[in-house]
Amino acid sequence: MKTKLIILLYVVVIFSLSNAQENADTLKVFKTNSLQFRVYDFISLSSFKGALLSYKYHCSDEKAFRFGVSVRIDSWGEDETRNMFYTDTSLLNQKRDHIYTNIQFIAQFLKYLNLKDEIKLFYGIGPYLSLNLNDFDTDEVVTSGNVNVYDKKRKNENYQFGLMGSIGLEWFFKNNMSLHAEYGFNAYYFYENRQTLRVYEHSQDPDRIEDRKVESDGWGIDDVGALLGLSVYF
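All you need for the numbering used here is the position in the sequence shown, starting with 1, plus 242.
In structure tokens form, the structure reads like this:
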């Protein structure tokens, strides 16, 4: 099934490339090259998903190719100290660290429909690859009659490969600069690998180690959300 998906994606890309080469009209509306900066989920900044930098090449006014990359890295840490009073006094020290990394590569064939209008409608489709990494590290020390040390490490890897579609509007406010808003969606195959390592250390009891690995895969259809962007043509 994976092989069939990859073959289908290549057929779509090759068809788009060959179709784009059929028309070599002189560019009258667009310039040949442009750089695009797009922001994900600009409507709700509380759920900001990052930004996408793209290069777009117009082979004609109606047809273009867009290649983009998006990188997002989040890192945060937390320290906690808590006193617990039982028959003997206990002290809990806990430290948590989390690093999230997301990398996306996107290639799309774009088609513009109403070139004579001031606001131009376009749609696009093409393959994309996404990599999501989550690293969690928790250290916990409980000091009581016996010293207990708990260490947990968790790593999640998620890979997605599929097709991304877009539909949007573009408006030129200067000769070589435009604003565009678009909505994206994708259909993809995903593979996920989750690893969890727990280490328990006691001052008197034997140490204990738990090592767990879970693999999963499947198919999904999801929306990318709204994107707002700026293009500079040259």
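Positions of the beta carbon are idealized from the N, C-alpha and C atoms, including for glycine.
Does the beta-carbon distance from residue i to residue j come in below 8 Å?
| i | j | result |
| --- | --- | --- |
| Tyr431 | Gly410 | no |
| Gln346 | Gly368 | no |
| Ser458 | Gln278 | no |
| Val271 | Leu375 | no |
| Leu355 | Phe403 | no |
| Phe364 | Leu352 | yes |
| Ala293 | Ser317 | no |
Near residue i, which residues of its chain fall below 8 Å by C-beta distance, leaving aside the five closest residues on each side in sequence?
| i | result |
| --- | --- |
| Lys273 | His300, Asn418, Tyr475 and Phe476 |
| Asn275 | Tyr297, Lys298, Tyr299, His300, Tyr475 and Phe476 |
| Phe415 | Leu421 |
| Gly319 | Lys337, Arg338, Asp339 and His340 |
| Leu405 | Leu251, Val254, Ile367, Gly368, Pro369, Tyr370, Asn428, Ala429 and Tyr430 |
| Gly460 | Tyr431 and Phe432 |
| Leu269 | His300, Ser302 and Asp303 |
Who are the Cβ neighbours of residue i in its own chain at under 6 Å, not counting the five residues just before and after it?
| i | result |
| --- | --- |
| Arg454 | Thr438 |
| Gly407 | Ile367 and Phe427 |
| Asp381 | Lys337 and Asp393 |
| Phe309 | Tyr297 and Ala349 |
| Asn443 | In the sequence as presented, Asn is not what sits at residue 443; that position holds Glu. Answer for Glu443: Val391 and Asp449, listed in chain order. |
| Asn398 | Asn376 and Arg436 |
| Leu452 | Checking the sequence, you will find Glu at residue 452 rather than Leu. Excluding residues within five positions, the ones whose Cβ falls inside 6 Å are Arg440. |
| Glu412 | Lys362, Ser420 and His422 |
| Ile315 | Thr343 |
| Phe378 | His340 and Arg396 |
| Asp359 | none |
| Asp465 | Phe427 |
| Thr323 | Asn335 |
| Ser288 | The predicted model places Ser288 with a pLDDT of 41, which falls under 50 and marks its position as unreliable; any figure quoted below should be read in that light. Correct list: empty, nothing qualifies. |
When the cut-off is 8 Å and only beta carbons count, does residue i lie next to chain C?
| i | result |
| --- | --- |
| Val441 | Structure shown: chain C not included; a single protein chain is present. |
What does a CB cutoff of less than 7 Å around residue i pick up in its chain, not counting 5 residues either side in sequence?
| i | result |
| --- | --- |
| Gly462 | Tyr430 and Phe432 |
| Val456 | Arg436 |
| Asp321 | Lys337 |
Whole-angstrom Cβ separation of residue i and residue j, contact assumed at under 8 Å?
| i | j | result |
| --- | --- | --- |
| Asn400 | Glu434 | 5 Å |
Mind checking whether the beta-carbon of residue i lies closer than 7 Å to any heavy atom of the ligand FAD?
| i | result |
| --- | --- |
| Glu457 | Of the ligands one can find in the structure shown there are none, so the ligand FAD has no counterpart to examine. |
- request: May I ask you to verify whether the stretch 294 to 307 touches the stretch 334 to 344, counting CB pairs closer than 8 Å and requiring at least 3?
  value: Contact check between the stretch 294 to 307 and the stretch 334 to 344: fewer than three CB pairs, one atom from each, fall below 8 Å, which does not count as touching.
task: Would you mind listing the beta strand (DSSP E) stretches within the stretch 343 to 381 that are 3+ residues and don't spill past its ends, in chain order?
output: The qualifying runs do not exist here; there are none.
query: Mind pulling the beta strand (DSSP E) runs of 3 or more residues that sit fully within the stretch 418 to 451?
result: The stretch 418 to 451 contains these whole beta strand (DSSP E) runs: 419 to 444.
- prompt: Mind pulling the beta strand (DSSP E) runs of 3 or more residues that sit fully within the stretch 297 to 328?
  reply: Runs of the beta strand (DSSP E) inside the stretch 297 to 328: 305 to 327.
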